[in-house]
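Here the structure comes first, spelled out in structure tokens, and everything after it is commentary.
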Amino acid sequence: MADSSNDDLLLDAQRFVEMRQLDHAVDLLCRLLGRDPNRADAHAVLAIVLVNQGRLHAARQEASIALSLEPNTAFCHYAASVVAMLQLRYREAYEFIDRALAIEPGDPDYIAGRGRLFILEERWRDAGETFLEALAIEPDHLDAMVGLAEAYRNSGFIEDAERTLQEALSIAPENTDALTQMGWLHLGRGDLEDAREHALWVLAQDADDTGALSLLTAVKARESWFLSLWWRFNSWLTHKSEGMRIGILVGLYLAVQIANTVLRQNGMTDAAGLLIYLWIGFCLYTWVGPAIFQKRLEKELEKVRLQPGF
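Going by the working numbering, the final residue of the sequence shown carries number 894, and the count climbs one at a time with no gaps.
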């Protein structure tokens, strides 16, 4: 590739991104930018690659450079939206993606990007409608298909989610996001072996895939007697709307307080005391469960780092 043009270098870098060989992509992009530091699209692609590597500060810098060079280019705004999204700066992310769509209305990539924002905010219905909008323009858009399946799954439409994922995998059998989502479907049904297999298929392609590692850790949590109940409760609660989740938790608290008052008024102080201890235990259990889950996920990441050739 010694005599490759700048355009060829950019295309090769994008192919490496698709193959998840991010270090090679970064090398090519840095080589390109060494030749032409004012190449805005290269800065924008580099920003997205750096996001995938977890280097968010550097990614934001590259996205800013891209926008300063070409403020009227939709892809530069899209890259800035991806960075802001991963930094949990949702308001900025919406502004960037809306600007991209204002420049290039109807682009399915940017519409799907907006759907991803809705996913992060757990706005499942809005996400589903947005992904359907992208698919109406490009029926084989894989990111939109996988996003739609995730929206379906979290809304409780399991059959629709599975149908959509099967369609996506028929187009791209090794698509890691689709495989991971299919694994979550199996896990939700209690098919732990199938869920584990899907996670391992993804990790065989990309040992650093956090979605697959999270899925594998969730499988192990389901197998653990201590974490299994927490995982089931958390999974059930996650599929509710934010208002409903708050209502359930407040309702549980009020139910305990009312039951405690009734027991004491009827002279059942021992039972009332036991009830309070059980409530405190439940609160502690739901508090330490996520921390233990996160530690298990970090252990899986450490194992991957120790086995670079996984």
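Ideal placement from N, C-alpha and C gives every residue a C-beta, glycine not left out. Remember, predicted model here, so these are calculated numbers, not experimental data.
> Apart from the five residues on each side of it in sequence, which residues of its chain come closer than 7 Å, Cβ to Cβ, to residue 640?
Replying inline: Taking the sequence shown and counting its residues from 1, the one referred to as residue 640 is at position 56. Result list for residue 640: 667, 670 and 671, in chain order.
> Taking three-plus beta-carbon pairs below 8 Å as touching, is the region 706–716 in contact with the region 679–692?
Replying inline: Not touching, per the Cβ criterion.
>> So for residue 692, helix, strand or coil by DSSP?
In response: Translated into the one-based positions of the sequence shown, residue 692 becomes position 108. Here residue 692 sits in helix by DSSP.
>> Quick check: the region 781–788 against the region 740–755, are at least 3 beta-carbon pairs closer than 8 Å?
In response: The region 740–755, when compared against the region 781–788, does not touch it at the 8 Å Cβ threshold.
> Cα-Cα, which of 799, 790, 599 and 739 is closest to residue 775?
Replying inline: Start at 1 with the first residue of the sequence shown, and residue 775 comes out as number 191. Residue nearest to residue 775 within the set 799, 790, 599 and 739 is 799 (criterion: CA-CA distance).
>> Is the beta carbon of residue 617 closer than 8 Å to that of residue 594?
In response: The residue labelled residue 594 in the question sits at position 10 within the sequence shown. The residue labelled residue 617 in the question sits at position 33 within the sequence shown. No.
> Which class does residue 892 belong to by DSSP, given the choice of helix, strand or coil?
Replying inline: Counting from 1 along the sequence shown, the entry for residue 892 is found at position 308. In this prediction, residue 892 has a pLDDT of 45, which is less than 50 and means its spatial position is unreliable; nothing more can be read from the coordinates.
> Taking the alpha carbon of residue 796 as the point to measure from, which residue in 766, 645 and 773 has its own alpha carbon closest?
Replying inline: What you label residue 796 is simply residue 212 of the sequence shown in a count that begins at 1. Relative to residue 796, the option among 766, 645 and 773 whose CA is nearest is 766.
> To the nearest angstrom, how far is it from the Cα of residue 692 to the Cα of residue 858?
Replying inline: As a first step, residue 692 must be located in the sequence shown, where it is residue number 108. As a first step, residue 858 must be located in the sequence shown, where it is residue number 274. Whole-angstrom Cα-Cα distance: 57 Å.
> For residue 892, does the count of other Cβ atoms within 10 angstroms reach 16, so buried, or fall short, so exposed?
Replying inline: Sequence index remark: in the sequence shown, residue 892 carries index 308 (1-based). Unreliable positioning characterises residue 892 in this predicted model, as indicated by a pLDDT of 45, which lies under 50. The coordinate reading is nonetheless provided below. Answer is exposed; the Cβ neighbour count stays below 16.
> residue 850: buried (16+ other C-beta within 10 angstroms of its C-beta) or exposed?
Replying inline: The sequence position of residue 850 within the sequence shown is 266, counting from 1. Residue environment for residue 850: exposed (fewer than 16 other C-beta atoms within 10 angstroms of its C-beta).
> By DSSP, does residue 709 sit in helix, in strand, or in coil?
Replying inline: For the purposes of this step, residue 709 is taken as residue 125 along the sequence shown, with counting starting at 1. Three-state DSSP puts residue 709 in a helix.
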